[in-house]
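A short write-up of the structure that comes next.
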Amino acid sequence: MSVKFKNVGHIYSPDSPFEYVALHDVNLELPLHKMVAIVGNTGSGKSTLVQHLNALLKPTSGEVHINDRIIVADEKPRNLKSLRKVVGLVFQFPEYQLFEETILRDIAFGPKNFGISEEEAEARARMAIKQVGLDESYLMRSPFDLSGGQKRRVAIAGILAMDPEIIVLDEPTAGLDPQGAKQMMQLFADLKNKHNKTIYIVTHDMEHVLNYCDEVVVMKDGRMIHQSNVEDFFAEGELLNDLHIAPPAIIKVKQMLKERGFKLSKANDFDTLVKDIVKEVRK
Amino acid sequence: MKNIALGRYIPLNTPFHRLDPRAKIDAMFLMLIAIFIPAGFIGYGIIGVAVVACIYLAGLKFDFIVKAMKPMMFMLVFLLVVNAMVIKDGVALVTLGSFSIYSGAIIQTLYITVRLMLMVMITTLLTATTKPLDLTLGIECLLAPFKKIGVPAHEIAMMISIALRFIPTLIEETDRIIKAQTSRGVDLDEGSLKEKIMAVLSLIVPLFVSAFQKAEDLANAMESRGYAPGATRTRYKVLKWTTSDTLLIVGTIVVIILNVGVWKLL
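Protein chains in written order, with the working numbering: chain A, 1 to 283; chain B, 1001 to 1266.
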């Protein structure tokens, strides 16, 4: 069981004036039951990459392995529904996918498409709405009466109700207020920790990467240029500079302290940092 | 969805692209008139040669034009069926029991097919080589004389340019919604009728919601930048009529004369 990209390339509109190479020869293995951040600048191929995970896009060269499924270029894959049940993909601004009369029916729409009974789908909807931090009274309301942030939650609940093993999120917190974004990230962390899900998340927020993610994959110009755990990623000063990524405040502070000869432990939270500083100063 | 060719601008720098949009619009109308001159297949041959020459000049690929014609395939099949049932001229080609298909039906369908193909080629030639904004500017200039009798030339031009501008955006949006719903297990190709209706609904509702949202945003953006429909404005881009534009018009008039000639003499 694993997620692997083997020499994957993707070209949009091949052989036309609009031809655009979005992925070049990507080789990548993503771990399961971890939260992996996919970072990179706009146009670096992140969204194209994640759309290969549930075969919305097929590689134009190479292979994508997802568990025991192999998606190969030039071959029409069959029964993609079973793959899409395992890999749930939440698009950027998913609120645009809402369409049903009530929130209950909208959340239950996904599970029902995958052959789950009406009652079971509604039970899942009840659970999913609570998971995203809204209460059950919302279920009978129209999804179009909600605020932007609430719509986002309902849309994400629609994917959670499908109960996928792998959840892929394309900038799920874009446009949310900091508090809402934090709750959202906490939800994904819980899904990983308590429900043993695999989370792949495209994000620009380095605080989120530091606080919630286990691994980082860096994309640049359609190539995968770096993969490591979060700590090693933030230690790569040159790479961060090259990507114009400002590291989170705590990383910067620790670097400055280290330059001044402080001995600090590895953990990246303010509690430990303050304790370390106090210890060093008292010496 | 991204491969829709009809009405798409192809950014190239050919002599045909550089023509004045007014000349191209005029030429398109003249050519459409030429198509309706009943000069038979010979007349269409003349128009066809002229159009293919223009397509070559404009650097457009043949398969792009074929793609642009795809949407009318269904209509042509429908036409063939209707013609086959109605027209009883010529020789019976195929006989199935008491029903036979006559050569007249085939010829008539072919005739209309050629006519439609030429029309699509001509309009594609215009939209593929003219930037949407230039196109609107051309339309506005051509409509300007009718302002005196109360035709809102500027408003019409603005509406057309907005509509053209939003075609790719809406296609992109549709593409995105299809992907999002596909991820939720919607299968657009298979399933029962009820499931298919549900699938289409799951695309149309979000598309409408986002289209209205975009319209509102656009209206606000235009208003906040002081857009007033009737206001007198100067233009950043001024259209310039050159010799090659005159040549284009002369060329199309020659095609019309040839067609009239074929019609009257043969």
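Where is the CB? At the ideal position from N, CA and C, for every residue including glycine.
Buried or exposed: which applies to residue 1149 of chain B, given that a residue is buried once 16 or more other Cβ atoms fall within 10 Å of its Cβ? Locating residue 1149 of chain B in the second sequence gives position 149, counting from the first residue. Under this definition residue 1149 of chain B is an exposed residue.
Residue 125 of chain A, enclosing alpha helix (DSSP H) - first and last residue: Locating residue 125 of chain A in the first sequence gives position 125, where the first residue counts as 1. Residue 125 of chain A -> alpha helix (DSSP H) spans 118 to 131.
Comparing C-alpha positions only, which one of B:1065, B:1227, B:1101, B:1142 sits nearest to residue 1082 of chain B? Translated into positions along the second sequence, residue 1082 of chain B becomes position 82. Checked all of B:1065, B:1227, B:1101, B:1142; the closest Cα to residue 1082 of chain B is B:1101.
Would you say residue 1001 of chain B lies against chain A (beta-carbon separation less than 8 Å)? Locating residue 1001 of chain B in the second sequence gives position 1, counting from the first residue. Because the pLDDT of residue 1001 of chain B is 46, which lies under 50, any placement of that residue in the model is unreliable, and the question is left without a value.
For residue 133 of chain A, which of A:145, A:179, A:113 has the nearest alpha-carbon? Within the first sequence, residue 133 of chain A is the residue found at index 133, counting from 1. Comparing Cα positions, the closest option is A:179.
Cβ-based neighbour list, residue 1262 of chain B, same chain, cut-off 6 Å, excluding 5 preceding and 5 following: What you label residue 1262 of chain B is simply residue 262 of the second sequence in a count that begins at 1. The answer, listed in chain order, is 1039, 1042, 1043.
Below 8 Å on the Cβ atoms is my contact criterion, and I expect residue 1027 of chain B with residue 1248 of chain B to pass it. Report the Cβ-Cβ distance as a whole number of Å. Position 27 of the second sequence, counting from 1, holds the residue named residue 1027 of chain B. Position 248 of the second sequence, counting from 1, holds the residue named residue 1248 of chain B. Residue 1027 of chain B to residue 1248 of chain B, Cβ: 5 Å. Contact.
Could you tell me the boundaries of the beta strand (DSSP E) in which residue 169 of chain A lies? Numbered from 1 along the first sequence, position 169 holds the residue referred to as residue 169 of chain A. Its beta strand (DSSP E) spans residues 166 to 170.
Cβ neighbours of residue 1167 of chain B in the same chain (closer than 7 Å, five flanking residues each side left out): Reading the second sequence from its first residue, position 167 is the one you call residue 1167 of chain B. So the list reads 1007, once near-sequence residues are dropped.
Going by other Cβ atoms of all chains shown within 10 Å of its Cβ, with 16 needed for buried, is residue 1246 of chain B buried or exposed? Working through the second sequence from its first residue, we reach residue 1246 of chain B at position 246. Counting other Cβ atoms within 10 Å of its Cβ, residue 1246 of chain B stays below 16 and is therefore classed as exposed.
Cutoff 6 Å; reference residue 1090 of chain B; Cβ partners in own chain excluding five residues on either side: Working through the second sequence from its first residue, we reach residue 1090 of chain B at position 90. Closer than 6 Å at the Cβ level, and outside the excluded window around residue 1090 of chain B, lie 1102, 1103, 1104.
Cα-Cα separation, residue 1001 of chain B to residue 1134 of chain B: Along the second sequence, read from residue 1 onward, the residue named residue 1001 of chain B stands at position 1. Along the second sequence, read from residue 1 onward, the residue named residue 1134 of chain B stands at position 134. Confidence at residue 1001 of chain B is low in this model, with a pLDDT of 46, below 50, so the placement of that residue is unreliable and no value is reported for it.
Assign residue 1001 of chain B to one of three DSSP states: helix, strand, or coil. Stepping through the second sequence from its first residue, residue 1001 of chain B is reached at position 1. A caution first: residue 1001 of chain B carries a pLDDT of 46, below 50, which makes its placement in the model unreliable, though a value can still be read off. Correct three-state label for residue 1001 of chain B: coil.
Inter-residue CB distance, residue 53 of chain A and residue 168 of chain A (contact presumed, cutoff 8 Å): In the first sequence, residue 53 of chain A corresponds to position 53, counting from 1. In the first sequence, residue 168 of chain A corresponds to position 168, counting from 1. Here residue 53 of chain A really is in contact with residue 168 of chain A; their C-beta atoms are around 5 Å apart, less than 8 Å.
Span separating the alpha-carbon of residue 227 of chain A from that of residue 245 of chain A: By 1-based counting over the first sequence, the position of residue 227 of chain A is 227. By 1-based counting over the first sequence, the position of residue 245 of chain A is 245. Using only the alpha carbons, I get a separation of about 16 Å.
Beta-carbon proximity check, residue 49 of chain A vs residue 1 of chain A, cutoff 8 Å: Position 49 of the first sequence, counted from the start, is the residue given in the question as residue 49 of chain A. Position 1 of the first sequence, counted from the start, is the residue given in the question as residue 1 of chain A. Cβ distance not < 8 Å, so residue 49 of chain A and residue 1 of chain A don't count as in contact.
Beta carbons nearer than 8 Å to chain A: which residues of the region 1176 to 1190 of chain B have them? 1176, 1177, 1179, 1180, 1181, 1182, 1183, 1184, 1185, 1186, 1187
Thinking just about the alpha-carbon of each residue, which of A:162, A:131, A:141, A:164 is nearest to the one in residue 153 of chain A? Here residue 153 of chain A refers to the residue found at position 153 of the first sequence. Nearest C-alpha to residue 153 of chain A: A:131.
Anyone know if the C-beta pair for residue 99 of chain A and residue 1201 of chain B falls short of 8 Å? Locating residue 99 of chain A in the first sequence gives position 99, where the first residue counts as 1. Locating residue 1201 of chain B in the second sequence gives position 201, where the first residue counts as 1. Contact: yes.
Compare the C-alpha of residue 115 of chain A against each of B:1214, B:1217, B:1197, B:1187 and name the closest. Looking up residue 115 of chain A in the first sequence gives position 115. The option with the nearest alpha carbon to residue 115 of chain A is B:1187.
Counting beta carbon pairs with one atom in the region 65 to 80 of chain A and one in the region 255 to 268 of chain A, are three or more of them shorter than 8 Å? The region 255 to 268 of chain A and the region 65 to 80 of chain A do not touch, with fewer than 3 CB-CB distances between them shorter than 8 Å.
Considering only the alpha carbon of each residue, which of A:90, A:156, A:81 lies closest to residue 104 of chain A? Position 104 of the first sequence, counting from 1, holds the residue named residue 104 of chain A. For the residues A:90, A:156, A:81, the minimum Cα distance to residue 104 of chain A belongs to A:156.
Per-residue contacts from residue 110 of chain A into chain B (C-beta, under 7 Å): For this step, residue 110 of chain A is matched to residue 110 along the first sequence. Within chain B, the residues near residue 110 of chain A are 1184, 1185.
For residue 1132 of chain B, return the contacting residues in chain A, with the cut-off set at a CB-CB distance below 8 Å. By 1-based counting over the second sequence, the position of residue 1132 of chain B is 132. The contacting residues do not exist; residue 1132 of chain B stays about 16 Å from chain A at best.
Applying the 10 Å Cβ sphere with the 16-neighbour rule, what's the burial state of residue 1078 of chain B? By one-based count along the second sequence, residue 1078 of chain B stands at place 78. Label assigned to residue 1078 of chain B: exposed.
Start-end ranges of the alpha helix (DSSP H) lying completely within the region 37 to 124 of chain A, minimum 4 residues: 46 to 51, 80 to 86, 103 to 113
Does DSSP put residue 1252 of chain B in a helix, in a strand, or in coil? Start at 1 with the first residue of the second sequence, and residue 1252 of chain B comes out as number 252. Residue state, collapsed to three classes: helix.
Taking a cut of 7 Å between CB atoms, which residues from the region 54 to 69 of chain A lie near chain B? Hits within the stretch, in order: 54, 56.
Which residue comes first and which comes last in the alpha helix (DSSP H) that contains residue 205 of chain A? Mapped onto the first sequence, residue 205 of chain A falls at position 205. Residue 205 of chain A -> no alpha helix (DSSP H), and no H or E assigned at all.
Residue 166 of chain A vs residue 278 of chain A beta-carbon contact at 8 Å: If you number the first sequence from 1, residue 166 of chain A lands on position 166. If you number the first sequence from 1, residue 278 of chain A lands on position 278. No, they are not a contact pair.
Do the region 1055 to 1067 of chain B and the region 1117 to 1125 of chain B make contact, defined as three or more Cβ pairs closer than 8 Å? yes
What residue does the alpha helix (DSSP H) around residue 215 of chain A start on, and which one ends it? If you number the first sequence from 1, residue 215 of chain A lands on position 215. No alpha helix (DSSP H) contains residue 215 of chain A, which is instead part of the beta strand (DSSP E) from 215 to 220.
Enumerate in chain order the residues of its own chain whose CB-to-CB distance from residue 1088 of chain B is below 6 Å, with the five nearest sequence positions on each side excluded. Walking along the second sequence from the start, residue 1088 of chain B turns up at place 88. 1102.
Residue 261 of chain A: buried (16+ other C-beta within 10 angstroms of its C-beta) or exposed? Mapped onto the first sequence, residue 261 of chain A falls at position 261. Exposed, by the Cβ-count rule.
Closer than 8 Å, CB to CB, is residue 1273 of chain B near chain A or not? Only positions 1001 to 1266 of chain B appear in the structure, and residue 1273 of chain B is not among them; the question remains open.
Cβ pair residue 1035 of chain B, residue 1118 of chain B closer than 8 Å: Position 35 of the second sequence, counted from the first residue, corresponds to residue 1035 of chain B. Position 118 of the second sequence, counted from the first residue, corresponds to residue 1118 of chain B. Cβ distance < 8 Å, so residue 1035 of chain B and residue 1118 of chain B count as in contact.
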